[in-house]
Structure formats: C-alpha cells, structure tokens
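S.K.:
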Amino acid sequence: MVTDDPLIIGGITVRSRLITGSGKYRDDRIIPDVLEAAGCDIITVALRRIDLDRPQDSILNHVPKGKVLLPNTSGARTAAEAVRIARLSREAGCGNWIKIEVINDSKYLLPDNAETIAATDVLVREGFVVLPYMSPDLYAARRLVDAGAAAVMPLGAPIGTNRGLQTRALLEIMVGELKVPVIVDAGIGRPSHAAQAMELGAAAVLLNTAIASSEDPVAMARAFKLAVEAGRLAYLAGMGPESMTARASSPLTGFLE
Amino acid sequence: MGLYDVIRRFDAAALLGAAQNAQPRDVEAALDRERPTLRDFAVLLSDAAAGLLEPMAQKARLLTRSHFGSAVVLFTPLYISNYCDSVCAYCSFGRNHRIERMHLSPEQIAAEAQRISETGMRHILVLTGEARKIATIDYLREAMAVLRDRFCSIAIEVYPMTRDEYGVMVESSVDSLTIYQEVYDEQAYHRYHAGGPKDNYAFRIEAPERACDAGMHAVTIGSLLGLGSWRSEALATAAHLDYLRTKYPGVEMAVSLPRMRPLAGDFTPPYPVGDRQFVQMLLAFRLFAPEVGITLSTREQAEFRDAVLPLGVTKVSAGVSTAVGGRSGKASTTQFEIADTRSVEEMKDSLLRLGYQPVMHDWSHRLTGGFHG
Chain A
23 MVTDDPLIIG
33 GITVRSRLIT
43 GSGKYRDDRI
53 IPDVLEAAGC
63 DIITVALRRI
73 DLDRPQDSIL
83 NHVPKGKVLL
93 PNTSGARTAA
103 EAVRIARLSR
113 EAGCGNWIKI
123 EVINDSKYLL
133 PDNAETIAAT
143 DVLVREGFVV
153 LPYMSPDLYA
163 ARRLVDAGAA
173 AVMPLGAPIG
183 TNRGLQTRAL
193 LEIMVGELKV
203 PVIVDAGIGR
213 PSHAAQAMEL
223 GAAAVLLNTA
233 IASSEDPVAM
243 ARAFKLAVEA
253 GRLAYLAGMG
263 PESMTARASS
273 PLTGFLE
Chain B
0 MGLYDVIRRF
10 DAAALLGAAQ
20 NAQPRDVEAA
30 LDRERPTLRD
40 FAVLLSDAAA
50 GLLEPMAQKA
60 RLLTRSHFGS
70 AVVLFTPLYI
80 SNYCDSVCAY
90 CSFGRNHRIE
100 RMHLSPEQIA
110 AEAQRISETG
120 MRHILVLTGE
130 ARKIATIDYL
140 REAMAVLRDR
150 FCSIAIEVYP
160 MTRDEYGVMV
170 ESSVDSLTIY
180 QEVYDEQAYH
190 RYHAGGPKDN
200 YAFRIEAPER
210 ACDAGMHAVT
220 IGSLLGLGSW
230 RSEALATAAH
240 LDYLRTKYPG
250 VEMAVSLPRM
260 RPLAGDFTPP
270 YPVGDRQFVQ
280 MLLAFRLFAP
290 EVGITLSTRE
300 QAEFRDAVLP
310 LGVTKVSAGV
320 STAVGGRSGK
330 ASTTQFEIAD
340 TRSVEEMKDS
350 LLRLGYQPVM
360 HDWSHRLTGG
370 FHG
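Quick mapping for you: the protein sequence lines, in order, are chains A and B. Under this note's numbering, the first residue of the first sequence is numbered 23, with each subsequent residue one higher. Under this note's numbering, the first residue of the second sequence is numbered 0, with each subsequent residue one higher.
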C-alpha cells in the first residue's frame, strides 16, 4: 500500500507517513534502531541541540544517511528568531527543510500562528521547504498555504501531553479544505491516536514523546508504524458511517433487491 | 504594581498556616490538580505531604519525563573576579574576609575558557563578586567577547543590573541570567546584607524581571537554602516564579536549590535544610511548575544528586571549581566547598548509566539574542 500511495512534500516523495522526532531519548545511540523500526523517511531535530561548531558531537551523528532531515526552530519566540534559526540551520549544512516552531509560552507550548505565518512568508521566499507547526485554525492555515508552506502541521493536543486528537473537529475541517498535506503534530500519545489521525485523512503524523519516553522505544516505533499504515489503509478503503443504533448485516428486506 | 509590592502583599504566612492543617486528602487533591496553585504548593510543603513523598515523587518523575524526556543539561561555573563590596554574612568572598583577591584579565579568561572547553563543556555560568566598580559592565562585555566563540550558551551570576545593563549583556551574547534573592524574608535579608551595596531588597528581587524585559532567553532564580525557614522561602520563590512565568511566558524559567555548605567564614546556616525537606521542596516545585527547569549544584553529594535526578532535576553542574583562576593558573580561595567533585566525563558516564541523556548543547546565543556577528 505504501508504494501505491506516495506522499509528496516539497517535491520529494516519501514512503512513510510517520515522522518522528529525535529528542527526549535516554541514549541517542538507540535512534538508528528506532528509525528502522518506525520506517521513517523524515526525522526532526531541534537546531538548538546541534552544536554548530561540533556537529559531529550532536544528534546528527545518529541520523542514518538517506533520511530527510527536518530541523525545527524550537526556542524561537518570534518570527525573526525563527528566520534566524532557519538560516543558521541551512548554513550548518542541515538542508533547506525547516519546521517552524514559534512558541512564546513555556507553560502550554502553544504555537503563535501570526508569527508563524510571518516566518513562513520570509523563508519560502528564501527557498526553504517550510512545514509550520500551528494551532489548528482554518484561516491561519490558508494564509500559510498562500505564503507557500509545503504542508501544515496542526497540533492534536499540546506537545508532550499524549492526550490524542483533542482538536479533532478542527483537524477534520482542515483536512477537508486544504490542498496541502495536513500533518498532525503533537499530542499523539498512543498508536490508536495515530490511527485515528490517519483515518480522518491526515497526510501523516509527527510524534516524538510517545516513542522516546516509552520503556521500549524500538517496539513502540514499530507499533506506531503499523498504526499509521492501518489508519491510512482504512482511510483509502473508505469507512462506513457511524450510527448510534445497530444495523443488521443481513437485512430483512434483502430479498426485494 | 511592581513585583516588590506583589511580594510584600503576598501573605506567605497565611497560606503556610492554613496548609499546616492540611490532611492527606488535601495533599492528594493538590497532587491531582492539573495546574496546581500557590495554595496547592503550600499544601505540598506541609507535614501531611511529608508522609506522601512517594506518590509525589512518582508523579514528579512522570511530569519530568513528559516535559524534558531523559535530557539533563550540563554546565560549569567560571569565576572571573572575587572582589566584593558586600559583607554577606554567609559568603567567603565578602569584603570583610581577608582573602586573596583576583580579577582575571581577558587573556586569563581565555586560558580558563580553553581548559573548560577541552572538557567538552559548552554551557557556562560566569560569576563575579558584587563589585560594580571593578567587575564593571565594560569588563563583563570584554569577558563575553572572549567567551562567546568558545561556548554556545553563556549565563551570568553577578550583581543585579538595570534593564539597560541587562540589554548590554544580551547584546554581548549572554543568553541566561542566574540571580538568587538569597533570602526572601525581607527582615532577614537586611540582617544578612547590612552595610553593603546588596542591602537593596527591591532592586534585587526585581532584577530577574528587568532581565526578562531586556530579552534574556532564560532566567534562574532561587533562595540560598539555610538562611530562612525552608517552607516560607520555597513558597516565596514559587510566588516569584509564578509572577515571572505569567508576565514573561516566553522566557525559559528555572529554579535552583542551592543548599548551604561550610564556608571560610565559619558561618553556620541558622535554618539547615534536611534531606527529606529538600526532597519535599524539590517535588513541590516540579509538581507546581512542570515546565520549569530545576538546577542542582555540586553543593550536594554525588550520591544524593544521582538519587534525586528522577524527581525533577533538569540541569546539573560538573567539573566545578569555585575559585577564581582555579583551572589554568594560581587559584584564589574557593567561594564554597563543593561536595560533588566529578569531572565532566565522569558526570556524563554517571548520567548515561542512570538512564539519562547528558546534553552538552541545549541552546546557542547565536540562534537569537542580540549578537549579530
């Protein structure tokens, strides 16, 4: 199914619809095994954790060749800071993909959509493939698309909360209306949450805490891989409507057909 | 209303008094609260909570993992000057002590920086005494010019500054501020600091706010444990923290829990904090503010530091010297005796062994801030 149903972002075809982060691990040496089990093509890294003078000592050392690196602007509080971090990322050899994270609230870690739009506008014009992390809002998403975002990444629930698709109704609207991939980012705590996101038509999911904080990150990565594939397959297959009452699978009036 | 007035009106005694009547079920309610209030914080410091340290620790561990994963950031202090105009009763660098005074030149700072850099350390905390006329703003700016290419993150722990002076620091690549109120009890504060420039309670307590306003990326506050009653000091620190995180939600806030050790001046802390009390306070901070960093210094023994890591600690020092020039040349007297003498490499090994990820690089002043070089 994965080969017949490619996801194209920024002109690149990716096979896997699961994107993982690289933070919060007890030991970064486990990352290659986690990526293998997850089958990921794209991995996010926080540029704040990369030593620009000694990149060999950083997390990049544990990212296998052939993966698309998606550096993020974690720590940026304004559009200007996100732009600065993105430029440094490209100068440091981390490629031209950037996940914009503009967060000016340490308590809830909610993204600032207005600043995110401003940063996207600048960075797209500078040739970046921009994937903005956002609070789910249709108007903000449209502005991001107009500014040239390659995808939009609305949150399912606040980062690290593992609470699943709390924003489901808004995500469904975005999936229905937008022409760019909608990637559900943040809040996905269980494989069933990932499957739900894929069932409602998300192009992909991005998650980190649920795998990295698990007692067995490699097994959890595999669980998420399977859930994402199952959810996508169900979406493509088309699901029946939900109903409050039972409907017999062998109807009594079938003989009239 | 400024912070000083907020703190003056804050009735810590009433909150603590009420909390002392708390029952175990009140502690459980505080533990269950998604966003605990200062009232809950006081309950978590109560005698009733002292009997429930284990469930508090379990939740604190989960919250820490959810917010910080297994990452623990390492940093080391660099003392560059120990001249001091203050006469803090508890500090061996006070002007009343006859110790050797040192003030590192840019070349000496570079030599110290080189030694530290060789250990792989990338986060540094620069310290001076409270001597504005010697460790001047210009002197600090020169020091930062030497340090900024050698370290990714520079914090300062110096005298309180004006907003504009903090602005100069941010422009000079300083991204973090550490400033302890020392003791929040105002009367005690004046007793400990009588006769020196530090005897200005309001100017000090409002310093972190001025730094946030000037664009500092991260701010660490705390109380020097042992100078005042631990419960009221912890509660005042939490109130200060709450004020700052509400007013400056974008600043990465942290709390440090420095517990007093023996010093040169034969000062005995009047309110010694025991291990159980220390742990209760640490847990209360983690439960009250899950997103806030908690720093643990080498004032604590290695075994104790290792044991409390899972309870919420996110930042530790290693390879520490509390003397000026302690790493590359003739060293001054130390400011205080350290208890955990592990090198950077030993600390990294211990963290990995305990299931933590030692993080050497968690921020860079090049990413934001005022330095546009």
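Each residue gets a CB set at the ideal place from its N, CA and C atoms; glycine is no exception.
1) My parser needs the beta strand (DSSP E) runs of 3 or more residues fully inside the region 88–166 of chain B; what are they?
2) Can you give the Cα-Cα distance for A/Ala60 and A/Pro213, rounded to whole angstroms?
3) Can you give the Cα-Cα distance for B/Asp265 and B/Ser172, rounded to whole angstroms?
4) Tell me, please, which residues DSSP counts as bridged to B/Asp241.
5) Could you please tell me which residues of the region 108–135 of chain B, in chain order, have their CB closer than 8 Å to any CB of chain A?
6) From A/Ala102 to A/Ala141, what distance separates their C-alpha atoms?
7) Would you identify the three-state DSSP class for A/Lys286, choosing helix, strand or coil?
8) Excluding sequence positions up to five away, which residues of its chain have a Cβ less than 7 Å from the Cβ of A/Gly276?
9) Would you list the one or two residues that DSSP bridges to B/Leu77?
10) Give the secondary structure of A/Leu278 by DSSP, where H, G and I count as helix, E and B as strand, and everything else as coil.
11) Assuming A/Asp280 contacts A/Leu177 (C-beta within less than 8 Å), just tell me the rounded distance between them.
12) Leaving aside the five residues before and after B/Tyr188 along the sequence, list all residues of the same chain whose C-beta is less than 6 Å from its C-beta, in chain order.
13) Going by beta carbon distance, what residues of the same chain come within less than 7 Å of B/Leu240, once the five residues before and after it are set aside?
14) So, for B/Ala193: in the same chain, excluding its five sequence neighbours on each side, which residues have a beta-carbon less than 6 Å away from its beta-carbon?
15) Helix, strand or coil: how does DSSP classify B/Thr63 here?
16) Find out if the Cβ-Cβ distance for the pair B/Ser316, B/Asn81 is shorter than 8 Å.
17) Drop a sphere of 10 angstroms on the beta-carbon of B/Glu129, count the other beta-carbons inside from all chains shown, and report buried for 16 or more, exposed for fewer.
18) For a contact meaning CB atoms closer than 8 Å, what does A/Thr231 contact in chain B?
19) Compare the C-beta of B/Ile98 against all C-beta atoms of chain A and say whether one is closer than 8 Å.
20) Pop quiz: A/Ala163 and A/Met196 are said to be a contact at Cβ under 8 Å. What is the actual Cβ separation, rounded to whole angstroms?
21) Is it true that the region 103–111 of chain A meets the region 122–136 of chain A, where meeting means three or more beta-carbon pairs spaced less than 8 Å apart?
22) Could you spell out the range, first to last residue, of the alpha helix (DSSP H) harbouring A/Val240?
23) What first and last residue would you give for the alpha helix (DSSP H) that runs through B/Gln279?
24) At which residues does the beta strand (DSSP E) containing B/Gln180 begin and terminate?
25) Under 8 Å between the Cβ atoms of B/Val71 and B/Leu350?
26) Closest to B/Phe74 by CA distance: which of B/Ser152, B/Tyr355, B/Leu61 is it?
27) Rank B/Gln356, B/Pro268, B/Trp229, B/His216 by C-alpha distance to the C-alpha of B/Thr367 and give the top, closest one.
28) For A/Pro176, write down the residues that DSSP places opposite it in a beta bridge.
29) Thinking just about the alpha-carbon of each residue, which of B/Val307, B/Arg365, B/Ala338, B/Arg230 is nearest to the one in B/Ala17?
30) For A/Arg70, collect the residues of the same chain with a Cβ closer than 7 Å to its Cβ; drop the 5 residues on either side in sequence, then sort them by chain order.
31) So, helix, strand or coil for B/Met215, using DSSP?
32) In chain order, what residues of the same chain lie with their CB nearer than 6 Å to the CB of A/Arg216, ignoring the 5 residues before and after it?
33) Under the DSSP definition of a beta bridge, which residues are partnered with A/Thr35?
34) For B/Glu251, write down the residues that DSSP places opposite it in a beta bridge.
35) Is B/Ile6 close to chain A? Criterion is C-beta to C-beta, closer than 8 Å.
36) Which of helix, strand or coil does DSSP assign to A/Ala59?
M.R.: Inspection of the coordinates gives the following:
1) 122–127, 152–156
2) Taking the straight line joining both Cα atoms gives about 12 Å.
3) 37 Å
4) BP columns for B/Asp241 are empty, so no partner.
5) Gly119, Arg121
6) 7 Å
7) Because chain A in this structure spans residues 23 to 279, residue 286 of chain A falls outside the shown range and cannot be described.
8) none
9) B/Val125
10) helix
11) No statement about residue 280 of chain A is possible, as the shown extent of chain A runs from 23 to 279 and does not include it.
12) In chain order, Val182, Tyr200 place their CB closer than 6 Å to the CB of B/Tyr188, counting only its own chain and leaving out the 5 sequence neighbours on each side.
13) Sequence-distant partners of B/Leu240 (beyond 5 residues in either direction) whose C-beta falls short of 7 Å from its own C-beta, in its chain, are Ile220, Met252, Val254, Ala288, Val291.
14) If we look at B/Ala193 and ignore the five residues flanking it on each side, it has no Cβ neighbours.
15) helix
16) no
17) buried
18) The contacting residues are Ser65, Gly68.
19) Judged by the 8 Å Cβ criterion, B/Ile98 is not in contact with chain A.
20) 6 Å
21) yes
22) 239–259
23) 274–287
24) In this chain, the beta strand (DSSP E) harbouring B/Gln180 covers 175–181.
25) yes
26) It is B/Ser152 whose Cα lies nearest to the Cα of B/Phe74.
27) B/His216
28) A/Met156
29) Taking only the C-alpha atoms, the option nearest B/Ala17 is B/Arg230.
30) Ser96, Gly97
31) coil
32) The question names Arg, but residue 216 of chain A in the sequence shown is Ala. For A/Ala216, where only same-chain residues beyond five positions count, the Cβ hits under 6 Å are Ile210, Val227, Phe246, Ala249, Val250.
33) A/Ile30
34) B/Ala217
35) no
36) In the structure shown, the three-state DSSP call for A/Ala59 is helix.
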